[in-house]
Structure formats: C-alpha cells, structure tokens
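First up is the structure itself, then whatever we jot down about it.
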Amino acid sequence: MPSQSAGALPHVGVVELNPHWPRPFVFTEVALCLRDQLLAAGFEAEHLVNEIDPDGVSIVFVPTDQWRSALSHLDPARTVLFNMEQLGSDSPWSREGYAQRLAGWTVADYHTANVEFLRQTNGPGQRAHEIPLVPGSSVVFARELDQLPSVDVLFFGTPNPRRERIFDELRAAGLSVEIVSGAYGWELTPALQRARLVLHVHHYETCLFPVARMLQPVAAGVPVVCETSACPALNDWAGSGIVFAHYPRLAATCTELLAQPARQLEGVRRNLRHARRIDTATPLRALIAEIGGC
1 MPSQSAGALP HVGVVELNPH WPRPFVFTEV ALCLRDQLLA AGFEAEHLVN
51 EIDPDGVSIV FVPTDQWRSA LSHLDPARTV LFNMEQLGSD SPWSREGYAQ
101 RLAGWTVADY HTANVEFLRQ TNGPGQRAHE IPLVPGSSVV FARELDQLPS
151 VDVLFFGTPN PRRERIFDEL RAAGLSVEIV SGAYGWELTP ALQRARLVLH
201 VHHYETCLFP VARMLQPVAA GVPVVCETSA CPALNDWAGS GIVFAHYPRL
251 AATCTELLAQ PARQLEGVRR NLRHARRIDT ATPLRALIAE IGGC
C-alpha cells in the first residue's frame, strides 16, 4: 500500500468477522453501509472479511463468537471496535464482562444509550463515539422484483414468546405471516421481496431502535412497522416513514397499514429521504481523529 501523505485521510478497513463466508452473516449489511458512509466522507475504505489491513485503520464489528480471539491480533492504536449489542439488556453478550472488555479500546456504537452505558461502566476515560448507520444502495441485492409480494407480514429474527403473541394476533386477523431466522444479506432478500411489509418486535427490554434490521428493508423500499423504540440522538427515525406502534397496537397497526397502499408508498419515500438527511460524515471524522487518523 502506498504510504499516506501528510494531511491525507487514512485508508479504513471495515472488518466483518464471518465464519460462514462467502455466505452473508449478521454484520454483512452494517459493514457494507459503513464502508459506503466512509467513502462518502472522503476516506479510502473497503469491506474486509476475516482479515485486517496492517497498514491502515480497522473498524471491527463486535461481538461475534470469535471476537475475543480476534482482539489478540489487533492493535488498539489503529483499531476501532464497533459494538452492535444492546448493552444493559439481558442479552448473553451483555453479560460476562463484555462491556468491561471494551475499556482501553476506541469504540464506535450505533446508539447513544450504549455510549452512555460504556462511560458509566468503564469511566469517563472510555473512548466511545455514536456513529449513525444508514441504508444505502449496497444493501439492495436485487434490482427487480422476481415476483409480486405474496406474504402480508415478514418478521426476521429469533422468535420468542413475546414476539409469538404478536404473530398469533396477526394470524387471527387473517394475515399471512412469514418468520425467517438466520438469514442475512442477499439470503434475506427473497423473503423481503415476498413481503408486503416488515414488522419488528423488540426482544430486549432496552427497546433500542434496531437500525441493523432496518437497513435492507428501507433501502429495498419495503414498508416497515416497528415497535416503539428509543432512537439514538444522531440517528432518530421517529420522524421517518417507519410506522412506530406500542406493543398492544402492533397487529392492528399492520392491518391498518396493509389497507392503505398510498400510505405505504409515502412511508417508503419518507424513509429514503430521511436516510439522505442524516449526517454521517461529521461523527465518522471525529471517530477517526480519535485514533490519530486525520
């Protein structure tokens, strides 16, 4: 790699730890979107899978099963760990000292609440930056519909009793429901093409806005109903075209939206406009400056 000239922005590797590559995995979409945001901010950036550029800055998405072993090969002076977990929740990743292990690293995070949790846990010396993630063209994996939507409501994620109660309400209302687990990136795309709308129901009591789950549906133009969420300060989707509803109203909200095609179309348009308005360059430059990269 050519040496970096004085004043030049550094090369940034957006690193996805993916034991299933070349199949997509949990961080494929966020890595692609972050790479695009870095490019738009003027950085040289590339999406790397299971490798580190030793001469550049690395942003590594965590946690995954192999993240602890990966840390031993990373230089904290040239590495940002991008946390995608809901800290303070009952997630298995939030236990066993995960947040404490992030002390001593520069951390990027998708949500204000996580940044505050890290500073409360590890002290004011914790280097933590909120970084908005926004949908982009790189997560539109199919340009034309192969078929007309045939499923009323798509949920992708892990079912649990809280979520299944909503699925039962939807079916009782006469709606068809598809549940997809373990599909990411382009492997999720066929289900999105079948869906008239996407529904998100929170798993954890923290109720953080699930930006990673919104990237592909919003970019692909699929209407979204989401349980009322705590939105991050720099990436607040409350005024977008996503239809938010409290838990008891989720099934009814899906039914109402499906009966209003014009409202669906307007919501899709508002989502795309909203994504374009979010400032991602300013926080990204501050993040890279933290580790001496600009």
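Reading the sequence shown from the start, the letters are residues 1 to 294 in the numbering used here.
Don't be surprised by glycine CBs; every beta carbon is placed ideally from N, CA and C.
No experiment lies behind these values; they were computed from the predicted model shown.
Item                                                                                                                                                                                         : Value
Identify, in the order they occur along the chain, each residue of the same chain with its Cβ nearer than 8 Å to the Cβ of Thr-295, setting aside the five sequence neighbours on each side. : A question about residue 295 goes unanswered here, because the residues of the chain that appear run from 1 up to 294.
To the nearest angstrom, report how far apart Pro-2 and His-11 are at their CA atoms.                                                                                                        : With a pLDDT of only 42 at Pro-2, under the threshold of 50, the placement of this residue in the model should not be trusted; the figure read from the coordinates follows. Going by the C-alpha atoms only, they are around 10 Å apart.
Does Asp-279 pass the burial test, meaning 16 or more other C-beta atoms within 10 Å, or should it be called exposed?                                                                        : exposed
Between the alpha carbons of Arg-127 and Leu-170, how many angstroms are there, rounded?                                                                                                     : 44 Å
Check whether the stretch 53-72 touches the stretch 10-29, counting contact only when three or more Cβ pairs, one atom from each stretch, lie closer than 8 Å.                               : yes
I'd like the list of long-range same chain contacts for Gly-136, defined as Cβ closer than 7 Å, with 5 residues on each side in sequence excluded.                                           : Cys-33, Asp-36, Ala-219
Please return the same chain residues whose Cβ sits closer than 6 Å to the Cβ of Ala-6, not counting the five positions on each side in sequence.                                            : A caution first: Ala-6 carries a pLDDT of 49, below 50, which makes its placement in the model unreliable, though a value can still be read off. Answer for Ala-6: no residue qualifies.
Compute the beta-carbon to beta-carbon distance between Leu-258 and Asp-152, rounded to the nearest angstrom, for a pair I have assumed lies under 8 Å.                                      : 6 Å
Of all the alpha helix (DSSP H) runs that stay within the bounds of the stretch 205-261, which reach a length of 4 or more residues?                                                         : 211-220, 250-258
So what's Met-1 in DSSP terms, helix, strand or just coil?                                                                                                                                   : Residue placement at Met-1 is poorly supported in this model, since its pLDDT is 40, which falls under 50; the coordinates still yield a value, given next. In this structure, Met-1 counts as coil in the three-state DSSP scheme.
Pick helix, strand or coil for Ser-137, following the three-state DSSP scheme.                                                                                                               : helix
Classify Phe-155 as helix, strand or coil using the three-state DSSP reduction.                                                                                                              : strand
Inspect the CB distances between the stretch 201-213 and the stretch 155-162 and report whether three or more fall short of 8 Å.                                                             : yes
How far does the beta strand (DSSP E) with Leu-175 in it extend, from its first residue to its last?                                                                                         : No beta strand (DSSP E) contains Leu-175, which DSSP labels as neither H nor E.
Leu-17 by DSSP, collapsed to three states: which one?                                                                                                                                        : coil
To the nearest whole angstrom, what separates the beta carbons of Leu-287 and Val-80, a pair I think is in contact under 8 Å?                                                                : 6 Å
Between Leu-9 and Ser-58, what straight-line distance do the alpha-carbon atoms span, to the nearest angstrom?                                                                               : 13 Å
Measure the Cβ-Cβ separation of Ala-275 and Val-134 and say whether it is below 8 Å.                                                                                                         : yes
Inspect the CB distances between the stretch 68-88 and the stretch 98-115 and report whether three or more fall short of 8 Å.                                                                : yes
Near Pro-24, which residues of its chain fall below 7 Å by C-beta distance, leaving aside the five closest residues on each side in sequence?                                                : Tyr-184, Gly-185, Trp-186, Glu-187
Find the nearest neighbour of Leu-208 within the set Phe-117, Leu-192, Ile-179, judged by alpha-carbon distance.                                                                             : Phe-117
For the beta strand (DSSP E) containing Ile-59, name the first residue and the last one.                                                                                                     : 57-62
Could you check the C-alpha separation between Phe-27 and Glu-256 for me, to the nearest Å?                                                                                                  : 32 Å
Is it true that the CB of Glu-266 sits closer than 8 Å to the CB of Tyr-247?                                                                                                                 : no
Taking its Cβ as the centre, do 16 or more other Cβ atoms sit within 10 Å of Gln-86, making it buried, or is it exposed?                                                                     : buried
Can you look up Val-268 in the DSSP assignment and give me helix, strand or coil?                                                                                                            : helix
Considering only the alpha carbon of each residue, which of His-20, Pro-22, Ala-40 lies closest to Pro-283?                                                                                  : Ala-40
Can you say whether Arg-196 is buried or exposed, counting buried as having 16 or more other CB atoms within 10 angstroms of its CB?                                                         : buried
What are the boundary residues of the alpha helix (DSSP H) that Leu-287 is part of?                                                                                                          : 281-290
So, for Ala-289: in the same chain, excluding its five sequence neighbours on each side, which residues have a beta-carbon less than 6 Å away from its beta-carbon?                          : none
When the Cα of Pro-190 is compared with those of Ala-70, Phe-156, Thr-64, Pro-19, which residue comes out closest?                                                                           : Phe-156
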